[in-house]
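S.K.: Position 35 of the sequence shown, counting from 1, maps to 35 under UniProt numbering, and the rest follow consecutively. Don't be surprised by glycine CBs; every beta carbon is placed ideally from N, CA and C.
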Amino acid sequence: MKKQNSTSKRKLKILIVDDLEFPRMVIRNMFHDLGYESHNNILEAANGLEALAVLKETPIDLIVCDWLMPIMTGFELLQKIRATPEFAKIPFIMITAEAEKGNILEAIKAGVSQYIVKPFTAETLYLKIESVFAKSK
1 MKKQNSTSKR
11 KLKILIVDDL
21 EFPRMVIRNM
31 FHDLGYESHN
41 NILEAANGLE
51 ALAVLKETPI
61 DLIVCDWLMP
71 IMTGFELLQK
81 IRATPEFAKI
91 PFIMITAEAE
101 KGNILEAIKA
111 GVSQYIVKPF
121 TAETLYLKIE
131 SVFAKSK
């Protein structure tokens with residue numbers, strides 16, 4: 001299911017943030033299936049603090065982050081990223097198991113680029129990414 005488009009042709013540096021290894025692996029595989037360069041271009045973090053450390057060391061083009069994590073939630077990470085000028089414009093896709101309207105509105109107010117409710121498919125991820133990069137043009 002490789003998609004050939006302007007986004008996938010780029011060698012995006014993608015940061016996947018989730019406290020559980022299995023969802024990170026599934027998302028990494030989705031990116032690979034969608035035609036994204038995964039060798040050395042997809043980084044992972046197990047929580048928000050690890051994600052901030054990665055951001056300080058590596059320029060990132062896209063963050064895909066779970067909402068519910070220990071140490072620092074995805075929402076707290078989003079707030080910190082949007083409050084840091086050097087990271088504020090990085091597209092941020094929030095993933096959550098809950099489709100609660102209040103959470104979605106909170107994330108929108110905090111500057112989330114897109115929101116995905118679990119479970120989701122590679123096609124959903126693809127559409128959200130395309131939407132994010134279409135907005136940034």
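I think valine 117 touches leucine 77, with their Cβ atoms under 8 Å apart; what is that distance to the nearest whole Å?
M.R.: In fact, because the Cβ distance is near 18 Å, the residues do not count as touching under 8 Å.
S.K.: Tyrosine 126: which of Pro70, Glu57, His32, Met25 sits nearest, CA to CA?
M.R.: Taking only the C-alpha atoms, the option nearest tyrosine 126 is His32.
S.K.: Rounded to whole angstroms, what is the Cα-Cα separation between threonine 58 and phenylalanine 92?
M.R.: Their Cα atoms are separated by approximately 16 Å.
S.K.: At the level of alpha carbons, what is the spacing between serine 131 and lysine 101?
M.R.: Going by the C-alpha atoms only, they are around 20 Å apart.
S.K.: Suppose the cutoff is 8 Å on Cβ atoms and the five residues either side in sequence are ignored; what does the same chain contact list for isoleucine 108 look like?
M.R.: Closer than 8 Å at Cβ, skipping near neighbours: Tyr115.
S.K.: Quick one: what does DSSP say aspartate 33 is sitting in, helix, strand or coil?
M.R.: Helix.
S.K.: Name the two residues that bound the continuous alpha helix (DSSP H) containing threonine 124.
M.R.: Start and end: 122-135.
S.K.: Restricting to Cα atoms, I'd like to know which of Glu98, Lys11, Gly111 is closest to threonine 84.
M.R.: With distances taken between Cα atoms, threonine 84 lies closest to Gly111.
S.K.: Taking the alpha-carbon positions, what's the glycine 48 to methionine 30 distance?
M.R.: Distance between the alpha carbons of glycine 48 and methionine 30: 22 Å.
S.K.: Measure the C-alpha to C-alpha separation of isoleucine 27 and isoleucine 63 and round it to an integer number of angstroms.
M.R.: Rounded to whole angstroms, isoleucine 27 to isoleucine 63 spans 12 Å at the Cα level.
S.K.: Taking the continuous beta strand (DSSP E) assigned at alanine 97, which residues delimit it?
M.R.: Segment: none, alanine 97 is in no beta strand (DSSP E) and carries neither H nor E.
S.K.: Sorted by chain position, which residues of the same chain lie with C-beta nearer than 6 Å to isoleucine 14's C-beta, five sequence neighbours on each side aside?
M.R.: The answer, listed in chain order, is Ile42, Leu62.
S.K.: Restricting to Cα atoms, I'd like to know which of Lys128, Glu21, Glu44 is closest to leucine 34.
M.R.: Among Lys128, Glu21, Glu44, the Cα nearest to that of leucine 34 belongs to Lys128.
S.K.: Specify the secondary structure class of phenylalanine 22 as computed by DSSP and reduced to three states.
M.R.: Phenylalanine 22: helix per DSSP, three-state reduction.
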